[in-house]
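**Q** Residue numbers (my numbering): 22 to 399.
Glycine residues also receive a C-beta, built at the ideal position from the N, C-alpha and C atoms.
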């Protein structure tokens, strides 16, 4: 567990007025009162050009500016931070958590990334590890790590596994074959801009539009109101995984003509599913492509593993079951299984875990650019 006694650490960094820095839960707790200096969802900006992330800018309360070489930089006071530097602060927290638990220094790491990360995004992740003082031994794909954790005790069985990985910011699906200790990835697909943040954004937009109808004012333009909407949206989404109705109550959200106004709304699970229907459908398209590229039929899949907190949404589980024709396995913890897989890969690299071979795929096509700027896929 980390210093707050939690088994998971939110990827959030906060800069306080006194120059202090907080990472994880302490950063999350103060986000409403310090929205401009609280950095979340940095993974979406890793290895990206500033021109590529214009649609994301309206969804974050902090300042992102164009830095050297068209890179997005986070502006805190008069300093610009790269996404690698922010990411390194989170990795430093993980490094010290591991050191406290193990009672020894930690210098090497295996870091997992979305399977659909491109080379620039992977390189940026590696750089973040180096800034944090870690020798990054291997970058492995999150769904592959999940399959490794799930299948280690089943390595003598032959099975075909689908991993459906919907996290906070990214989505991946991988099809693997497992047998004789060999984990072979047959295909992978995904969307690096689809995750829990987008489901939250649907609720944020709905709440903001409701308020706008009443008062003709957009709450999303105010950083503190936006941060309160974000927290309320995430809380409502989580509650709707276990109940069919939730109440969103935000008192004193914004003064209008000097009179404090409140935002109170009921949100049903059915309404939430309706708001997010396009996102749910978007998650199925990569599944179709991954199945096609794997050369397998859906009926050949023996087990479906759900990874990432967003797979707790009941409608997602229903759609996955409908697509693959079988109930997803409940035998893994969606929040922790990827980290367990990374640890196993670390064990393979140090020789502590034997008889395991990982054969992964390159998720994106390789091409050659010829004269005239025409790129041809190999």
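Determine, using beta-carbon pairs with one atom in the segment 257-276 and one in the segment 188-203, whether at least three such pairs fall under 8 angstroms.
**A** At 8 angstroms Cβ cutoff, the stretches do not touch.
**Q** Round the Cβ separation of residue 53 and residue 333 to the nearest angstrom and send it over; I've been treating them as touching at under 8 angstroms.
**A** Between residue 333 and residue 53 the Cβ distance is about 24 angstroms, and since that is not below 8 angstroms, they are no contact.
**Q** Among 277, 384, 257 and 275, which has the Cα closest to the Cα of residue 269?
**A** It is 257.
**Q** Which of the three DSSP states, helix, strand or coil, is assigned to residue 275?
**A** Strand.
**Q** Only counting the same chain, and skipping five residues up and downstream in sequence, which positions put a Cβ closer than 6 angstroms to that of residue 32?
**A** If we look at residue 32 and ignore the five residues flanking it on each side, its Cβ neighbours are 111.
**Q** Nearest to residue 351 by alpha carbon, out of 103, 327 and 132?
**A** Selected option, being the one with the closest Cα: 327.
**Q** List, from N- to C-terminal side, the alpha helix (DSSP H) runs of 4 residues or more that fit wholly inside the segment 129-184.
**A** Runs found: 140-152 and 163-172.
**Q** Decide if residue 366 is buried, meaning its Cβ has at least 16 other Cβ atoms within 10 Å, or exposed.
**A** Buried, since its Cβ has 16 or more Cβ neighbours within 10 Å.
**Q** Is the separation between the beta-carbon of residue 71 and that of residue 89 shorter than 8 angstroms?
**A** It is not a contact, given that the beta carbons lie outside the stated cut-off.
**Q** Would you mind working out which of 35, 378 and 158 sits nearest residue 106, comparing C-alpha positions?
**A** Out of 35, 378 and 158, 35 has the C-alpha closest to the C-alpha of residue 106.
**Q** Run the CB neighbour count on residue 115, radius 10 Å, all protein chains shown included, and call it buried at 16 or more, exposed below.
**A** By the 10 Å Cβ count, residue 115 comes out buried.
**Q** Does the count of Cβ pairs from the segment 309-327 and the segment 192-211 closer than 8 angstroms reach three?
**A** Because the criterion of three Cβ pairs below 8 angstroms is met, the segment 309-327 and the segment 192-211 touch.
**Q** Looking at C-beta atoms only, is the number of pairs between the segment 223-240 and the segment 42-62 that lie closer than 8 angstroms three or more?
**A** The segment 223-240, when compared against the segment 42-62, does not touch it at the 8 angstroms Cβ threshold.
**Q** Within the segment 297-349, note down every full alpha helix (DSSP H) run reaching 4 residues or more, in order along the chain.
**A** 298-315 and 335-345, all fully within the segment 297-349.
**Q** CA-CA distance, residue 55 and residue 303?
**A** If you take the alpha carbons of residue 55 and residue 303, they lie about 33 angstroms apart.
**Q** Assuming the contact rule is C-beta atoms closer than 8 angstroms, residue 370 and residue 147 should be a hit. Round their C-beta distance to whole Å, please.
**A** The Cβ separation is near 15 angstroms, so there is no contact.
**Q** Mind pulling the alpha helix (DSSP H) runs of 4 or more residues that sit fully within the segment 211-284?
**A** Counting whole runs of 4 or more residues, the segment 211-284 contains the alpha helix (DSSP H) stretches 217-236 and 244-260.
**Q** Count the other C-beta atoms from every protein chain shown that fall within 10 angstroms of the C-beta of residue 221, then say buried if there are 16 or more, exposed otherwise.
**A** It counts as buried.
**Q** DSSP on residue 106, reduced to helix/strand/coil?
**A** Looking at residue 106 - three-state DSSP - the assignment turns out to be helix.
**Q** Below 8 angstroms on the Cβ atoms is my guess for residue 214 versus residue 65; work out the distance and round it to an integer in Å.
**A** With a Cβ gap of about 7 angstroms, residue 214 and residue 65 count as contacting.
**Q** Tell me whether residue 77 sits in a helix, a strand or coil according to DSSP, three-state version.
**A** Here residue 77 sits in helix by DSSP.
**Q** Beta carbon of residue 136, beta carbon of residue 211: below 8 angstroms?
**A** Yes, the Cβ-Cβ distance between residue 136 and residue 211 is below 8 angstroms.
**Q** For the alpha helix (DSSP H) containing residue 367, list its first residue and its last residue.
**A** Start and end: 358-371.
**Q** Between the beta-carbon of residue 209 and the beta-carbon of residue 139, is there less than 8 angstroms?
**A** Against a cut-off of 8 angstroms, the Cβ pair of residue 139 and residue 209 comes out as no contact.
**Q** I need the straight-line Cα distance from residue 372 to residue 85, nearest angstrom please.
**A** Each residue's Cα considered, the two are about 43 angstroms apart.
**Q** With the cut-off set at 8 angstroms, would you say residue 340 and residue 305 are in Cβ contact?
**A** In contact: residue 340 and residue 305 (Cβ atoms closer than 8 angstroms).
**Q** CB residue 23 to CB residue 30, shorter than 8 angstroms?
**A** Yes, they are a contact pair.
**Q** Tell me the DSSP secondary structure of residue 376 in three-state form.
**A** Coil.
**Q** Roughly how many whole angstroms lie between the Cα atoms of residue 276 and residue 283?
**A** Rounded to the nearest angstrom, the two C-alpha atoms are 9 angstroms apart.
**Q** Can you tell which of 142, 217 and 378 has its C-alpha closest to the C-alpha of residue 80?
**A** It is 217 whose Cα lies nearest to the Cα of residue 80.
**Q** Mark residue 60 as exposed unless 16 or more other C-beta atoms lie within 10 angstroms of its C-beta, in which case mark it buried.
**A** So residue 60 counts as buried.
**Q** Tell me whether residue 46 sits in a helix, a strand or coil according to DSSP, three-state version.
**A** Three-state DSSP puts residue 46 in a helix.
**Q** Does the Cβ of residue 393 have 16 or more other Cβ atoms within 10 Å, making it buried, or fewer, making it exposed?
**A** With fewer than 16 other Cβ atoms within 10 Å, it is exposed.
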